[in-house]
Amino acid sequence: MSFDLELPLDETEELMWQERGLCAQTDPEAFFPEKGGSTREAKRVCLTCDVRTECLDYALEHDERFGIWGGLSERERRKLKKRA
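Just so you know, we're using the working numbering here: the sequence shown kicks off at 6 and counts up by one.
Printed below as a string of structure tokens:
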């Protein structure tokens, strides 16, 4: 008996943007700084990323609580959600 452990096609397609993210090519620690740490480097990388919008949409949809997603911190994403 064989088990298919792959994600369903629609979920796989939904996450394909992650492979194109500039963050996948840089130090992941920059995107998850320690409390009080600088987010400047991560946000600078996000500014030129082709999948910034998809990243931010994903973070908002999945209620990501930590890290820089789509160029915004958790606090900035919370404010954005409140305005929406």
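Where is the CB? At the ideal position from N, CA and C, for every residue including glycine.
These figures come from a predicted structure and were not determined experimentally.
Top-ranked residue by Cα proximity to residue i, from the options
i, options, result
"Thr44", "Lys86, Arg88 and Glu81", "Glu81"
"Ala29", "Gly42, Pro38, Lys40 and Cys54", "Cys54"
"Trp22", "Cys60, Glu66 and Pro33", "Cys60"
Straight-line Cα distance separating residue j from residue i
i, j, result
"Thr58", "Lys40", "25 Å"
"Ser78", "Arg70", "9 Å"
"Arg83", "Asp62", "13 Å"
"Thr31", "Glu66", "24 Å"
"Lys48", "Lys87", "21 Å"
Which residues DSSP lists as bridging residue i, in chain order
i, result
"Leu77", "Trp74"
Within 8 Å, strictly: CB atoms of residue i and residue j
i, j, result
"Cys51", "Gly75", "yes"
Cutoff 7 Å; reference residue i; Cβ partners in own chain excluding five residues on either side
i, result
"Arg25", "Asp55 and Val56"
"Ala64", "Trp74, Gly75 and Arg82"
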